[in-house]
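All remarks here apply to the structure that follows.
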Amino acid sequence: MNISIRQATANDIPEITALFKDTITKTCAKDYNDKQLQVWSSGAFETDKWLERINDYYFIVAETSNTIVGFAYLKKGYYLDGLFVHPNYLRQGIASSLLRTIESRVMIEDYPEIRSDVSKTALPFFEAMDFVVIKKQNKSHKGLNFLNYIVAKAL
Ligand SMILES: CC(C)(COP(=O)(O)OP(=O)(O)OC[C@H]1O[C@@H](n2cnc3c(N)ncnc32)[C@H](O)[C@@H]1OP(=O)(O)O)[C@@H](O)C(=O)NCCC(=O)NCCS
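The sequence shown begins at 1 in the working numbering and counts up one residue at a time.
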């Protein structure tokens, strides 16, 4: 598949938020309960927050045939705050491509490591990408606890 990566713009918000919601409700369904999935995916409707992320962070999308099939965004120069791939396009190297671009950016900005808080669903991907688990934790989000993992990788 021919994948291209570019920085996101405000016009991408409808596609990004639809992908976010689909990914959580489908791909993450095996790891979190219905209430957690509903609360987490409701973030799709917070358009102002997505606009802020696009404007303030390094926010990239992966596209094929003019369709967004994944996205990732980097906060504070070294903290990967989100990485999502459309449920119909998994295991085709899209997250790996996005992560390579994000890691290049972290290195260009001269940070010695990249960090993230990752879901139970995403942990096997990050382990395959040589991240190590710093801490397993229950993180509170909108009044609910979510199991996730703080991971890091030296660059
Ligand atoms: C995690 C995620 C981004 C991975 O996307 P992807 O495009 O399918 O990942 P890749 O194809 O680049 O995977 C690269 C390697 O990671 C590992 N990997 C990826 N997904 C895996 C899984 N579900 N189980 C085990 N290993 C996995 C494999 O080694 C894979 O290589 P292979 O396919 O040749 O075996 C995707 O599953 C996703 O969107 N998950 C839900 C969203 C989420 O929880 N995001 C994190 C919150 S910040």
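Ideal Cβ positions, reconstructed from N, Cα and C, are used throughout, including at glycine.
Distances from the CB of residue 59 to the heavy atoms of ligand 1 are all 6 angstroms or more. Going by DSSP, residue 63 is part of no alpha helix (DSSP H) but of the beta strand (DSSP E) stretching over 58-64. The region 22-38 and the region 54-64 do not touch, with fewer than 3 CB-CB distances between them shorter than 8 angstroms. Assigned with DSSP and collapsed to three states, residue 78 falls in coil, not helix or strand. Contact check for residue 62 against residue 5 passes: the beta carbons are separated by less than 7 angstroms. Residue list for ligand 1: 23, 27, 28, 82, 83, 84, 85, 90, 91, 92, 93, 94, 95, 96, 118, 119, 121, 122, 124, 125, 128 (CB closer than 6 angstroms to any heavy atom, chain order). DSSP places residue 45 outside any alpha helix (DSSP H), giving it a letter other than H or E. Per the coordinates, the alpha-carbon of residue 50 lies some 20 angstroms from the alpha-carbon of residue 105.
Boundaries of the beta strand (DSSP E) harbouring residue 117: 113-119, taken from the DSSP string. Note on geometry: alpha-carbon atoms of residue 3 and residue 134 lie some 32 angstroms from one another. In this structure, the straight-line span from the alpha carbon of residue 13 to that of residue 94 is close to 19 angstroms.
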